DNA sequence: GTATGAGCATACTACGTATGACTACCCCGG
DNA sequence: CCGGGGTAGTCATACGTAGTATGCTCATAC
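Protein chains in written order, with this note's numbering: chain A, 1123 to 1456; chain B, 1123 to 1456.
Right under this line is the structure:
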């Protein structure tokens, strides 16, 4: 219909090499040894190269019932953290001959389920789901790996966010802070629950009442975080733990608005160690996560499932506190 | 082979509705009017809904020779600019019933051509190429839209980067700067050539010799830009134009290292208006580009081509200078 | 001279869909 | 009673590949 480029098929290759299409298929899919003579095989390969033959993936997918593509669903591609996840997944996938189809759900339930439906139509063999709420919609036999969340019977990969957050709060406590605010992500996810859990645990252990600490929720956006950060600063914390570097960036703006100095008047800790964290003034103390590793490990797990192994492994990756310039000894007494 | 989920086919739907597979296809692809009675059509739709039927895209792709997927090649997904491009493209594509397959070439020629080859195998109907060097490899009939670059006979979409850069240099000149450095991207692309062109033009017009101004090239990475920024600062410019916000971020670090104050000692201008630009201290003056628009307009052009129109339109999008806190009157004299 | 088997290659089919060609039926006018 | 024309739907096929069942050829063994 459209003047699409005519690409050579295995039949063209067969004609060129003077053999049948079957033989071509045999040779090119590596099943030749013992079935086709080496001389013929070489001739076929030669022709294929010459004609620039590439198997038609649609036909392959139809025939094999598998497309060698996986979907990666992330909530917000504007957040560079996910670019790194994608990069890791893409690298691992490419090595295994897979393509990654990225779906940016933009934190939009409607859009999420819509694109999800589109994907279920068959173009992908498996799913890498980042904190997505859909897993119940999938049959228990689907090839799925959960990222940064967990569900019964599903393999998953996540960071030890609780340990990371605990390290951050420990750090603040050691610096002598006793009024520690929490600028929290208004996003229901296991990750953030972990951080909250760590907060309660560490503060309680230090004799600080977690309930009495100022705590404000905010959408994960610089501007939202700025606005909500202003409210938090009004409660006069001497330190603030932010659920995310983006949120921390918003808090920096709020501090500037209020004339509050970091770290002199208030210490700030972020989470994720995004590229811009060290560029901020002062450089942001944050919990570093290897996002690329998350992506690649997740794909590896998915691949295991796709090749038939019914793994349910739950991988936990380390999270490490990076102390930079945004945290300092508490001077509330002075 | 693998226990893949068994999905219902159009034959199942046909059986359920008591009609032939052809009829199902007719109804579901909207070709029913005049061929199938409304009563039957409704029955078919009912069955399809009940069985949860979704057409097999692999089979469709094979039959139609089109996959309703397009590829978007970008050089570095870690750069949030491209996330926004993707978002725009994805939105426009979804509206037209297309899927966007993202390929992050990571500025790696080898990887670029490799993934490119993988794509040419047939899974996509068209390409959105961002400053990619491959266009010669594609036949003149391929469905391609170039982003931020141009080539004879190809449709393209780009920003008026020259106007944007000119506005930035005008701004610096008006502030009284006469020694204006250029921290330039070490990346051969039309975009950056445009900026360089604007620099020469504006400076010459202002009676400043462009050749005499300090100019340093740097890879587009915060750390690289920091190192090269140090070298540039050693030449004592009173203002610096950075080819990119990421580069500007690196220059901020360099300035901090050297104890050079922004904008008091040196004014800084960036390019792109990334999210973090306004969070920097001081907020970065930069040239704003609507990346999402770039993505959506590009897809629209591509769609025109894919539906047979042989358009070669060249779209130019505006670029606008955003003056914030990183630029100030030159105080070199004091 | 024929049975045996290895080695090599081919014929054919299925995967699920879209669609042009075709048929069966009914109604109506002549 | 027949032909024309519209309506409602079916048949058959092709898309390109993978792989199973099959066939052919030749050499060796009895």
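Glycine is no exception: its CB is placed at the ideal position from the N, C-alpha and C atoms. The model shown is predicted, which means the values in this text are computed figures rather than measured ones.
Setting aside the 5 residues that flank it on each side, residue 1418(B) is surrounded in the same chain by 1210, 1211, 1213 and 1214, each with a C-beta closer than 7 Å to its C-beta; the list follows chain order. At the C-beta level, residue 1437(B) and residue 1279(B) come within 8 Å of one another. Taking C-beta atoms as the reference points, residue 1401(B) and residue 1371(A) count as a pair closer than 8 Å.
Residue-level contact check: residue 1184(A) touches chain B, since one or more beta carbons of chain B fall below 8 Å from its beta carbon. With a contact defined as Cβ atoms closer than 8 Å, residue 1313(B) and residue 1270(B) qualify at about 5 Å. Non-local beta-carbon contacts of residue 1172(A) in its own chain, meaning distances under 8 Å to residues more than five positions away in sequence, involve 1138 in chain order. For residue 1340(B), the CB contacts under 8 Å within the same chain, skipping 5 residues up- and downstream, are 1305, 1306, 1307, 1308, 1346, 1347, 1349, 1350, 1351, 1369 and 1372 in chain order. Taking each of 1383(B), 1147(B), 1433(B) and 1385(B) in turn and checking the Cα distance to residue 1277(B), the smallest one comes out for 1433(B).
CA-CA distance, residue 1310(B) to residue 1378(A), rounds to 38 Å.
Those residues of the segment 1195–1212 of chain B placed with their C-beta closer than 9 Å to a C-beta in chain A are 1198, 1199, 1200, 1201, 1202, 1204, 1205, 1206, 1208, 1209 and 1212, ordered along the chain. Nearest to residue 1157(B) by alpha-carbon distance, out of 1144(B), 1168(B) and 1169(B), is 1144(B). Annotated as proximal: residue 1363(A) and residue 1321(A), with beta-carbon spacing under 8 Å. The secondary-structure analysis by DSSP pairs residue 1220(B) with nothing; it has no beta-bridge partner. As summarised for the segment 1299–1339 of chain A, the continuous beta strand (DSSP E) elements at least 3 residues long and confined to that stretch are 1302–1307, given in chain order. Put simply, the backbone Cα of residue 1439(B) is about 38 Å away from that of residue 1381(B). In terms of Cβ geometry, residue 1131(B) and residue 1178(B) form a close pair [threshold 8 Å]. Taken through DSSP and simplified to helix, strand or coil, residue 1434(A) comes out as coil. Shown here, residue 1297(B) sits in coil according to DSSP, grouped into three states, outside any helix or strand. Taken in chain order, the unbroken stretches of alpha helix (DSSP H) that lie wholly in the segment 1357–1425 of chain A and span 4 residues or more are 1367–1380. At least one CB atom of chain A sits nearer than 8 Å to the CB of residue 1398(B). Rounded to the nearest whole angstrom, the CA to CA distance from residue 1388(A) to residue 1187(A) is 58 Å. If you draw a straight line from the Cα of residue 1343(A) to the Cα of residue 1199(B), it is about 19 Å long.
Using a Cβ-Cβ cut-off of 8 Å, residue 1374(B) is close to 1401 and 1403 of chain A, given in chain order. The contact set of residue 1224(A) on chain B, defined by CB atoms closer than 7 Å, consists of 1224 in chain order. Only exposed fits residue 1231(B), as fewer than 16 other CB atoms lie within 10 angstroms of its CB. For residue 1285(B), the closest of 1450(B), 1443(B), 1447(B) and 1454(B) by C-alpha to C-alpha distance is 1443(B). Contact check for residue 1407(A) and residue 1383(A): beta-carbon distance about 15 Å, past the 8 Å limit, so the pair fails to qualify. CA-to-CA, the gap between residue 1435(B) and residue 1190(B) works out to about 22 Å. A straight-line Cα-Cα distance of about 52 Å links residue 1273(B) and residue 1290(A).
For residue 1289(B), no chain A residue has a C-beta closer than 8 Å to its own C-beta; the minimum C-beta separation is roughly 25 Å. Look at residue 1172(B) here: in three-state DSSP terms it is helix. Around the beta carbon of residue 1219(B), a 10 Å sphere encloses fewer than 16 other beta carbons of the protein chains shown; the residue is thus reported as exposed. The beta carbon of residue 1303(A) sits closer than 6 Å to those of 1336, 1354, 1359 and 1362, all from its chain and outside the five residues before and after it, given in chain order. At the C-beta level, residue 1251(B) and residue 1224(B) stay beyond 8 Å of one another.
Closest in alpha carbon position to residue 1328(B), among 1317(B), 1288(B) and 1366(B), is 1288(B).
Nearest to residue 1431(A) by C-alpha distance, out of 1164(A), 1267(A) and 1376(A), is 1267(A).
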